[in-house]
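Trainee: The structure that follows is given in the form of structure tokens.
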């Protein structure tokens, strides 16, 4: 497929669209509450192939129905024809926490959308990134709502408001009108945000920025029988990529990162078998360190001979202080589930947390334990899903006291 026609944002159709309503038989049965078990709910979410728009819509419909079946009012935004699910519980005017996550996944093979259990590992596309976290967030919101409802009946309200934002396009290459930005622009924010990206129960206080470049590398055409008379742009493009890997910025490191990440994601070149290609397009995915300047990196790439940047996509890095009262309270909440205690970590992948950071809302990545995301054996630890759900609940319960202590400390 030619790059100018590469408009598909969610990959091809992979596997059948199996509904998440196996336990009840059909989507119409969504009004009947299903299991409140982290494993069962994650399995249901994985069965949706959300690498394409229709699967995203079906899965979002399930999430919406799941929430409403439990008395949690949900509403929907539309972003480029894709649904964003928003819900909230707790009193208005209270300290507000946003739980944020995505249901879309990168493309996978049909069998990856049939979850399988291997000991403590639940294997399937999106298990780690991030349908396991999404299932636990849904369950944590239900727990918080149930506790708040019981408290109101006893004349006591939970002093924290919790908002849930479920977006459909975190894995998308769309540069404009992204769902997380729209959520923030709609005012669906708070005092702190948690996005459930993979962190192995540690707290991601930094994430690399994204600089994705589409490059045109120029060569010289010749007959395929006499390649020495031409300048093969495809071979030249591989050399250009190696040049990028050897630029000075690629060897830098920081406190939380060993190095930037540089990947050759796609390549198109040549228009005839018997012709030396005179042009080649490559997509290079650069994840740069928070301290690095993406414009300086662009200038270095543009200086490579016979190389032109024809388009680009960028997202800034995410940085939050590990000394924030929110980060410390979240760390205390998850500490019982970690033998060595929680640590602040840097995430190699970019983060939609930047959507909240750009309006001054501190946001971190925090998710369950697993591995292999975007790979053939992606998995999430089932036991960590329960620990994650409990940590979110503990964080919400203990946050008011932590904020009160922080205010007293600052006043003193």
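In my numbering, the protein residues as written are 229 to 640.
Even glycine gets a Cβ: it sits at the ideal position worked out from N, Cα and C.
Keep in mind the model is a prediction, meaning the values are calculated, not measured.
Does the region 474-481 come into contact with the region 557-570, if we say contact requires no fewer than three beta-carbon pairs (one atom in each stretch) closer than 8 Å?
Mentor: no
Trainee: Leaving out five residues on either side along the sequence, give the residues of the same chain with a beta carbon under 6 Å from the beta carbon of residue 485.
Mentor: 517 and 574
Trainee: Near residue 383, which residues of its chain fall below 6 Å by C-beta distance, leaving aside the five closest residues on each side in sequence?
Mentor: Because the pLDDT at residue 383 is just 48, under 50, the model does not fix this residue reliably, and the point stays unresolved.
Trainee: Could you tell me which residues DSSP puts in a beta bridge with residue 511?
Mentor: DSSP lists 442 and 494 as partners of residue 511.
Trainee: Quick check: residue 418 and residue 595, are their CB atoms within less than 8 Å of each other?
Mentor: no
Trainee: By Cβ distance below 7 Å, which residues in the same chain neighbour residue 554 in space, the five residues on each side in sequence not counted?
Mentor: 420 and 590
Trainee: For residue 276, which three-state DSSP category applies?
Mentor: coil
Trainee: At what residue ranges does the region 339-383 contain a whole run of the alpha helix (DSSP H), taking only runs of 4 or more?
Mentor: 360-381
Trainee: Relative to the C-alpha of residue 317, which candidate in 572, 592, 389 and 306 has its C-alpha closest?
Mentor: 389
Trainee: Between residue 546 and residue 303, what straight-line distance do the alpha-carbon atoms span, to the nearest angstrom?
Mentor: Distance from the CA atom of residue 546 to the CA atom of residue 303, rounded to whole angstroms, is 28 Å.
Trainee: Could you tell me which whole beta strand (DSSP E) segments of length 3 or greater appear in the region 303-339?
Mentor: Unbroken beta strand (DSSP E) stretches of 3 residues or longer found wholly inside the region 303-339: 310-317 and 324-330, given in chain order.
Trainee: Who pairs with residue 451 in a beta bridge, going by DSSP?
Mentor: 503
Trainee: Under 6 Å Cβ to Cβ from residue 395, same chain only, skipping five residues before and after it: list those, please.
Mentor: 312, 330, 407 and 408
Trainee: Rounded to whole angstroms, what is the Cα-Cα separation between residue 354 and residue 287?
Mentor: 13 Å
Trainee: Using DSSP with H/G/I as helix, E/B as strand and the rest coil, what is residue 234?
Mentor: Since pLDDT at residue 234 reaches only 38, below the 50 mark, its modelled position is unreliable, and the value read off the structure follows with that caveat. Here residue 234 sits in coil by DSSP.
Trainee: Determine the direct distance from the alpha carbon of residue 372 to that of residue 300, and round the result to whole angstroms.
Mentor: 11 Å
Trainee: Following the continuous alpha helix (DSSP H) through residue 301, name the residue where it begins and the one where it ends.
Mentor: Unbroken run through residue 301: none, as it is neither H nor E.
Trainee: Between the alpha carbons of residue 205 and residue 357, how many angstroms are there, rounded?
Mentor: The structure shown does not extend to residue 205, since the chain spans only 229 to 640, so no value can be given for it.
Trainee: Determine the DSSP secondary structure at residue 253, reduced to helix, strand or coil.
Mentor: Note that residue 253 scores a pLDDT of 32, beneath 50, so its modelled location is shaky; the value from the coordinates is reported in the next line. If DSSP states are grouped into helix, strand and coil, residue 253 belongs with coil.
Trainee: Excluding the five sequence neighbours on either side, which residues of its own chain have a C-beta within less than 6 Å of the C-beta of residue 491, listed in chain order?
Mentor: In chain order, 513 place their CB closer than 6 Å to the CB of residue 491, counting only its own chain and leaving out the 5 sequence neighbours on each side.
Trainee: Go ahead and pull the three-state DSSP assignment for residue 267.
Mentor: helix
Trainee: With a floor of 3 residues, list each beta strand (DSSP E) that falls wholly inside the region 561-601, ordered by position along the chain.
Mentor: 572-575 and 591-593
Trainee: If you drop the 5 nearest sequence neighbours on each side, which residues of the same chain put their C-beta closer than 6 Å to that of residue 364?
Mentor: 266, 613, 616 and 617
Trainee: Quick one: what's got a C-beta closer than 6 Å to residue 324's C-beta in the same chain, skipping five residues either side?
Mentor: 389, 418 and 419
Trainee: How close, in whole Å, do the beta carbons of residue 436 and residue 578 come, if the pair is a contact with beta carbons under 8 Å?
Mentor: 6 Å
Trainee: For residue 305, which residues of its own chain have a beta-carbon under 6 Å away from its beta-carbon, when the five flanking residues on both sides are left out?
Mentor: 312
Trainee: Would you tell me roughly how many angstroms separate the C-alpha atoms of residue 268 and residue 326, rounded to the nearest one?
Mentor: 24 Å
Trainee: Taking the C-alpha atoms as reference points, what is the distance between residue 639 and residue 374?
Mentor: Between residue 639 and residue 374, the alpha-carbon positions lie close to 35 Å from each other.
Trainee: Per DSSP, residue 536 is paired with what?
Mentor: 444
Trainee: What residue range is occupied by the uninterrupted alpha helix (DSSP H) comprising residue 524?
Mentor: 522-530
Trainee: Buried or exposed for residue 588, please, with buried defined as at least 16 other CB atoms from any protein chain shown within 10 angstroms of its CB.
Mentor: exposed
Trainee: Just curious, the alpha helix (DSSP H) that residue 465 is in, first and last residue?
Mentor: 461-473
Trainee: DSSP state of residue 432, grouped into three classes?
Mentor: strand
Trainee: Short check: CB of residue 495 to CB of residue 472, under 8 Å?
Mentor: Taking the C-beta atoms as reference points, residue 472 is found no nearer than 8 Å to residue 495.
Trainee: Could you tell me the distance, in whole angstroms, from the CA atom of residue 632 to the CA atom of residue 531?
Mentor: 54 Å
Trainee: Spell out the partners DSSP gives residue 612 in its beta bridges.
Mentor: Per DSSP, none; premise fails for residue 612.
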